[in-house]
Amino acid sequence: MGGRDTRRKISLTGIKPTGSAVAPEQGGTLHLGSYFGAIRPALAMAAAGQHDSLYFIADYHALTTQRDPTVLRDNVYDVAANWLACGLDPERTIVYRQSDVIEVFELCWIFACIVATGQLERGHAYKDARSRSESVNAGIFNYPLLMAADIILYDSDVVPIGADQKQHLELARDIAIRMNHLYGEGTVVVPEALITEAPVVPGHDGRKMSKSYGNTIQLFAPPKALRKEIMKLKSESTPLEAPKPSEGQLVYELYKLVASEAEAEAMAQKLHAGGYGWGHAKQELFEALDAQLSPLRARYLELRTDETELERILQAGAERARVIARATIERVRAAVGIGLRSGV
Ligand code: ADP
Ligand code: TRP
1182 MGGRDTRRKI
1192 SLTGIKPTGS
1202 AVAPEQGGTL
1212 HLGSYFGAIR
1222 PALAMAAAGQ
1232 HDSLYFIADY
1242 HALTTQRDPT
1252 VLRDNVYDVA
1262 ANWLACGLDP
1272 ERTIVYRQSD
1282 VIEVFELCWI
1292 FACIVATGQL
1302 ERGHAYKDAR
1312 SRSESVNAGI
1322 FNYPLLMAAD
1332 IILYDSDVVP
1342 IGADQKQHLE
1352 LARDIAIRMN
1362 HLYGEGTVVV
1372 PEALITEAPV
1382 VPGHDGRKMS
1392 KSYGNTIQLF
1402 APPKALRKEI
1412 MKLKSESTPL
1422 EAPKPSEGQL
1432 VYELYKLVAS
1442 EAEAEAMAQK
1452 LHAGGYGWGH
1462 AKQELFEALD
1472 AQLSPLRARY
1482 LELRTDETEL
1492 ERILQAGAER
1502 ARVIARATIE
1512 RVRAAVGIGL
1522 RSGV
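In this text, residue positions in the sequence shown follow the numbering used here: the first is 1182, and each later residue adds one.
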């Protein structure tokens, strides 16, 4: 990726492999919210080509809450297959599994030695877990440290994240600044958050689509199941002939995510004119979604059933990621006084 001064900026995205354990043929672990709210905007950024992009699956972060080894592994493969099917290009970006580059733990320990426990105690996620349970594992407490190591290990300049991850990024920045203050400017790259402007995708009940609300529509549900879910969406109940509102209506809001501006405008006109019912609108929404998702669904199913190929992609990515990681670790070890003296 070039010398440190001339290199292109690095963008890094971590994806936590959590899912709702839905079988691949039933639609896999991700839902429409993950696609329109996370995958599509992240891939648009990679396509813009302004950065060298790294994407990794944060399986060690998932281990803070996942106790079933089969589910954890399944989720890693499933998330990888989802992202690759949606267009993540392992040739133009580096795609890897967090646990395949163990250098991250060395950096994590070094960071643990310069961070005050109070800073971790103020973590939103930790405080939230504490408020729900008496015993919170140390993994949850240390989650932001591992995340800072994920970021800094790869010389990341920008980290696209949702607003909920902002505090984690601030800690990563603080750590990087502190490292450079203690051990010399240029020891590590100070990362910057890039708060992504992604739409909030509503679920069945109008609230944010989320596994925790049980209001999701699986991204790769088979066409019949997808149509059934769309037909179940809440809509207001004016007679067919009556003019209908568009903005703020669940069906219309979802349609806007898949349709072109002109198509969305056309649906709005039909709704406003009357004589066009929500059944019609749902059918159009289903057709638009199915047309867009069908080719991706086919690719997902093909990839998902070939774990050897997924593993090959992840290993090739890890190999490239490790080159950057090793250079950072060597620099940091030399700076903090770990290992042999240079020249010895
Ligand atoms: P869930 O809420 O179902 O548990 P996750 O927390 O696993 O979803 O979300 C993974 C990513 O997808 C996050 O970046 C999150 O911001 C995004 N995301 C999830 N649901 C939505 C939604 N309904 N609208 C927009 N983005 C979403
Ligand atoms: N904590 C992030 C999430 O829950 C996932 C993540 C782990 C991450 N390490 C990261 C995101 C590094 C960005 C950079 O979504």
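Glycine included, C-beta positions come from ideal geometry on N, C-alpha and C.
No experiment lies behind these values; they were computed from the predicted model shown.
**Study point:** Which listed residue (A1357, R1388, G1387) has its alpha carbon closest to that of C1289
**Key:** The sequence position of residue 1289 within the sequence shown is 108, counting from 1. Of A1357, R1388, G1387, the residue nearest in Cα terms is A1357.
Practice item. Quick one: residues in its chain with C-beta nearer than 8 Å to the C-beta of S1526, no 5 flanking neighbours on either side, listed in chain order? Key: The structure shown has nothing for residue 1526, since the chain only spans 1182 to 1525.
Check your understanding: Can you find a heavy atom of the ligand TRP that lies under 7 Å from the Cβ of M1226?
Key -> For the purposes of this step, residue 1226 is identified with residue 45 of the sequence shown, where counting begins at 1. Not so, every heavy atom of the ligand TRP lies at least 7 Å from the Cβ.
**Study point:** Integer-rounded CB distance, given that A1223 should sit under 8 Å from T1194
**Key:** Translated into the one-based positions of the sequence shown, residue 1194 becomes position 13. Translated into the one-based positions of the sequence shown, residue 1223 becomes position 42. About 6 Å separates the beta carbons of T1194 and A1223, which is inside the 8 Å limit, making them a contact pair.
Review point. Near A1329, what residues of its chain come up, given a Cβ to Cβ distance below 7 Å and the 5 sequence neighbours on each side ignored?
Key: As a first step, residue 1329 must be located in the sequence shown, where it is residue number 148. Excluding positions up to five away in sequence, the list reads F1292, L1352, A1353, I1356.
Point to revise | Of the residues A1261, Y1236, Q1464, T1419, the one placed nearest K1405, counting alpha carbons only | key: Here residue 1405 corresponds to residue number 224 of the sequence shown, with the count starting at 1. In terms of CA proximity to K1405, Q1464 leads the group A1261, Y1236, Q1464, T1419.
Check your understanding: First and last residue of the alpha helix (DSSP H) that includes T1489?
Key -> Sequence index remark: in the sequence shown, residue 1489 carries index 308 (1-based). Start and end: 1488-1517.
Check your understanding: Given that a residue counts as buried once 16 or more other Cβ atoms are within 10 Å of its Cβ, and exposed if not, what is K1437?
Key -> What you label residue 1437 is simply residue 256 of the sequence shown in a count that begins at 1. Classified as buried, K1437 has 16 or more neighbouring CB atoms from the shown chains inside 10 Å of its CB.
Exercise for review: Ignoring anything shorter than 3 residues or poking outside the segment 1385-1462, list the beta strand (DSSP E) runs there in chain order.
Suggested key: Restricting attention to beta strand (DSSP E) runs no shorter than 3 residues, the segment 1385-1462 encloses none.
Check your understanding: With distances taken between CB atoms, is the gap from N1263 to L1400 smaller than 8 Å?
Key -> Here the question's residue 1263 lines up with position 82 in the sequence shown. Here the question's residue 1400 lines up with position 219 in the sequence shown. The answer is yes: Cβ separation under 8 Å.
Point to revise | Counted within 10 angstroms of its Cβ, other Cβ atoms place H1349 as buried (16 or more) or exposed | key: Here residue 1349 refers to the residue found at position 168 of the sequence shown. Answer is buried; the Cβ neighbour count reaches 16.
Check your understanding: Taking Cβ positions, are G1218 and P1380 nearer each other than 8 Å?
Key -> Looking up residue 1218 in the sequence shown gives position 37. Looking up residue 1380 in the sequence shown gives position 199. Result yes, Cβ atoms of G1218 and P1380 sit closer than 8 Å.
Point to revise | Cα-Cα separation between H1385 and Q1496, rounded to whole angstroms | key: Start at 1 with the first residue of the sequence shown, and residue 1385 comes out as number 204. Start at 1 with the first residue of the sequence shown, and residue 1496 comes out as number 315. Taking the straight line joining both Cα atoms gives about 38 Å.
Exercise for review: Compute the distance between the beta-carbons of F1467 and I1411, then report whether it is under 8 Å.
Suggested key: By 1-based counting over the sequence shown, the position of residue 1467 is 286. By 1-based counting over the sequence shown, the position of residue 1411 is 230. Yes, these two residues count as a Cβ contact at 8 Å.
Exercise for review: With hydrogens ignored, establish whether the beta-carbon of H1349 is closer than 7 Å to any heavy atom of the ligand TRP.
Suggested key: As a working note, residue 1349 is residue 168 in the sequence shown. Yes, Cβ of H1349 sits closer than 7 Å to a heavy atom of the ligand TRP.
Check your understanding: Does the beta carbon of Q1169 fall short of 7 Å from some heavy atom of the ligand TRP?
Key -> Coverage of the chain is limited to positions 1182 through 1525, which leaves residue 1169 absent and any answer about it impossible.
Practice item. Put T1368 into one of helix, strand or coil per three-state DSSP. Key: In the sequence shown, the residue the question calls residue 1368 occupies position 187. T1368: coil per DSSP, three-state reduction.
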